[in-house]
Amino acid sequence: MGINVVINETKPKMAAVIDDLHRKLGAVRTGRASTSILDNIVVDYYGTPTPLNQMASVNIPEPQMLTIQPWDTSQIDSIEKAINTANLGINPSNDGKVIRLPIPPLNEERRQQLAKQVHEIAEEHKIAIRNIRQHSNNELKKQLADKEISEDNERIGLEEVQKLTNEYVGKIDELAKKKEEEILKV
Numbered sequence: 109m110g111i112n113v114v115i116n117e118t119k120p121k122m123a124a125v126i127d128d129l130h131r132k133l134g135a136v137r138t139g140r141a142s143t144s145i146l147d148n149i150v151v152d153y154y155g156t157p158t159p160l161n162q163m164a165s166v167n168i169p170e171p172q173m174l175t176i177q178p179w180d181t182s183q184i185d186s187i188e189k190a191i192n193t194a195n196l197g198i199n200p201s202n203d204g205k206v207i208r209l210p211i212p213p214l215n216e217e218r219r220q221q222l223a224k225q226v227h228e229i230a231e232e233h234k235i236a237i238r239n240i241r242q243h244s245n246n247e248l249k250k251q252l253a254d255k256e257i258s259e260d261n262e263r264i265g266l267e268e269v270q271k272l273t274n275e276y277v278g279k280i281d282e283l284a285k286k287k288e289e290e291i292l293k294v
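If you're matching positions, the sequence shown starts at 109 in the numbering used here and goes up one per residue.
Shown next as structure tokens:
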């Protein structure tokens, strides 16, 4: 098997954690309108749970406003219900054709809560990276025990895995810091 296989399996797993972090951080609200806060909204469409972005177009006509235009206007009420259920702290209003979501400015207390939430999301993703490191290290130790690789190769492999771990944890810290600054900026 060899250390290169372990390293080549470790990288995409860690990259997937970063992709997931991007998605989760995108869903955390800042004081500005962003379509990504609606990414996790699922609407009951004739008994089928359907992602909002598959049944309506979402636009940002101004920095503090989102508009949702359902392709099937009979679904306006169920879309509104799904938004209210998601507990985003946004009150939707509609005119029968378009749902408007005014994004209220964040107060200081809410900013602190969101910054804390970003910190928790980042921590979860760091744990995921460490779990991948643990798995890769165990794989290298197993290869050494099975005499597939030498002790030197195991050491090199462990160092490579640690370098990847440090690199991806650094990316997580960087993304979380950027998102926190975005939230705390008034």
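We put the beta carbon where it would ideally sit given N, CA and C, even for glycine.
In the same chain as ARG219, and ignoring 5 residues on each side of it, the C-beta atoms closer than 7 Å to its own belong to ILE291 and LEU292, in chain order. Buried is the label assigned to MET122, since at least 16 other Cβ atoms lie within 10 Å of its Cβ. Excluding the 5 residues flanking it on each side, ALA230 has same chain C-beta neighbours closer than 6 Å at ILE280 and ALA284, in chain order. Spanning the alpha carbons of GLY278 and HIS233 requires a straight line of approximately 11 Å. Between the segment 257-271 and the segment 182-196, the count of Cβ pairs shorter than 8 Å is below three; the stretches do not touch. Inter-residue distance for THR143 and PRO171 is about 11 Å (C-alpha atoms, whole angstroms). Beta-bridge partners of SER165 (DSSP): GLN177. Taking 8 Å as the upper bound for CB-CB distance, ILE235 and THR273 are not in contact here, some 12 Å apart. A residue is called buried once 16 or more other Cβ atoms fall within 10 Å of its Cβ, and GLU288 is buried on that count. Shortest Cα-Cα distance from THR118 to any of ASN246, ASP254, ALA253 and LYS255 involves ASN246. If you look at ILE207, you'll find it in the beta strand (DSSP E) that goes 207-210. Going by beta carbons, GLN251 and VAL136 fall outside the 8 Å limit. Burial state of VAL113 is exposed, judged by a 10 Å Cβ sphere holding fewer than 16 other Cβ atoms.
Closest option to LEU222, judged by alpha-carbon separation, among VAL125, LYS286 and PRO178: LYS286. Minimum Cα-Cα distance from ASP147 among the listed residues GLU228, HIS130 and THR181 corresponds to HIS130. Between the alpha carbons of SER258 and ILE198 lies a distance of about 59 Å. SER165 sits exposed, since fewer than 16 C-beta atoms from the chains shown fall within 10 Å of its C-beta. Following the DSSP letters along the chain, one finds PRO157 inside the beta strand (DSSP E) bounded by residues 156-159. Straight-line measurement puts the Cα of VAL206 at about 22 Å from the Cα of THR156.
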